[in-house]
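Numbering-wise, the sequence shown is residues 1 to 66 according to my numbering.
The next block holds one structure in the form of structure tokens; read it before the comments.
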Amino acid sequence: MQHTMKPANLRKAARRGSWGVGRFYFRVQTDNGQIFELYYDRAPKDIDNRKGNWILFQELIEVEEF
Numbered sequence: 001m002q003h004t005m006k007p008a009n010l011r012k013a014a015r016r017g018s019w020g021v022g023r024f025y026f027r028v029q030t031d032n033g034q035i036f037e038l039y040y041d042r043a044p045k046d047i048d049n050r051k052g053n054w055i056l057f058q059e060l061i062e063v064e065e066f
């Protein structure tokens, strides 16, 4: 796709990504100590939802070593 982009658009895409492409992952900890991984999916699912979605990916649990 790089060969079809204008140089100015190529610089913008390299800096912030193409529209609707990619995921941003986060790890958050609640006040009571639970840890979750979530991500923001930039891909639009349909015409009514063009901005993307927040997805709760998983809860992380601390495992004690034996």
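Note that beta-carbon positions come from the ideal geometry of N, C-alpha and C, so glycine has one too.
These numbers were taken from a predicted model, which means no experiment stands behind them.
In its own chain, which residues sit with a C-beta less than 7 Å from the C-beta of residue i, not counting the 5 before and 5 after it?
{"i": "Phe24", "result": "Tyr39 and Tyr40"}
{"i": "Met1", "result": "Residue placement at Met1 is flagged as unreliable, the pLDDT there being 47, under the threshold of 50; a coordinate-derived value is accordingly withheld."}
{"i": "Gly22", "result": "Arg42"}
Would you report the Cα separation of residue i and residue j, rounded to the nearest angstrom?
{"i": "Glu37", "j": "Val28", "result": "6 Å"}
{"i": "Glu62", "j": "Phe26", "result": "17 Å"}
{"i": "Ala8", "j": "Ala14", "result": "10 Å"}
Span of the beta strand (DSSP E) holding residue i?
{"i": "Phe57", "result": "Asn53 to Leu60"}
{"i": "Val28", "result": "Arg23 to Gln29"}
{"i": "Glu37", "result": "Ile35 to Asp41"}
Closer than 9 Å, CB to CB, is residue i near chain C or not?
{"i": "Asp46", "result": "The chain inventory of the structure shown lacks chain C, comprising one protein chain alone."}
Taking 8 Å as the cut-off, is the C-beta of residue i nearer than that to any heavy atom in the ligand HEM?
{"i": "Arg15", "result": "As far as ligands go, the structure on display features none, and thus does not contain the ligand HEM."}
With a CB to CB cut of under 8 Å and the five nearest residues on each side skipped, what residues in its chain are close to residue i?
{"i": "Lys45", "result": "Asn53"}
Grab me the residues of residue i's own chain with a C-beta within less than 6 Å of its C-beta, minus the 5 sequence neighbours each way, in chain order.
{"i": "Glu64", "result": "none"}
{"i": "Glu59", "result": "Phe36"}
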